[in-house]
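>
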Amino acid sequence: MFENQQRDDVEALMKADAEFRRLYQHHKELDSKVHDAEIGVLPIDDMTLSGMKKEKLHAKERLQRMWDNRAHHIN
Numbered sequence: 243m244f245e246n247q248q249r250d251d252v253e254a255l256m257k258a259d260a261e262f263r264r265l266y267q268h269h270k271e272l273d274s275k276v277h278d279a280e281i282g283v284l285p286i287d288d289m290t291l292s293g294m295k296k297e298k299l300h301a302k303e304r305l306q307r308m309w310d311n312r313a314h315h316i317n
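Per our numbering, residue 243 is the first one in the sequence shown, and the count goes up by one each step.
(1) Restricting to Cα atoms, I'd like to know which of ASN311, ALA258, GLY282, LYS295 is closest to HIS268.
(2) Is the beta carbon of LYS275 sitting closer than 7 Å to the one on LEU284?
(3) Whole angstroms are fine: how far does the CA of ASP288 sit from the CA of GLY282?
(4) At which residues does the alpha helix (DSSP H) containing ASP250 begin and terminate?
(5) Please report the distance separating the alpha-carbon of MET308 from that of ILE286.
Have a look at this one:
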């Protein structure tokens with residue numbers, strides 16, 4: 243996520259905004275768990291995996307809105 247953004251910009255926002263940092267870290271954790279489940283390393287049922295994917299998507303959408311709001315306030 244935010245691969246196309248400047249790493250310094252993302253890190254600056256993480257330092258400045260505790261909610262963004264928390265949500266970013268939560269998204270990374272979910273991403274790792276979903277990946278592990280999909281390759282069979284993390285044994286979970288399909289319903290749990292589906293819920294994790296939805297939660298990850300919601301976190302990503304919220305992060306994107308926060309990023310966009312930040313960019314809007316700067317310009």
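Where a beta carbon is used, it is the ideal one built from N, C-alpha and C, also for glycine.
Walking through what the data contain:
(1) By 1-based counting over the sequence shown, the position of residue 268 is 26. Out of ASN311, ALA258, GLY282, LYS295, LYS295 has the C-alpha closest to the C-alpha of HIS268.
(2) Numbered from 1 along the sequence shown, position 33 holds the residue referred to as residue 275. Numbered from 1 along the sequence shown, position 42 holds the residue referred to as residue 284. In this structure, LYS275 places its C-beta atom within 7 Å of the C-beta atom of LEU284.
(3) Here residue 282 is taken as the residue at index 40 of the sequence shown, counted from 1. Here residue 288 is taken as the residue at index 46 of the sequence shown, counted from 1. When rounded, the distance between both Cα atoms is 12 Å.
(4) Taking the first residue of the sequence shown as 1, we reach residue 250 at position 8. Note, ASP250: alpha helix (DSSP H), 249 to 258.
(5) Here residue 308 is taken as the residue at index 66 of the sequence shown, counted from 1. Here residue 286 is taken as the residue at index 44 of the sequence shown, counted from 1. About 31 Å.
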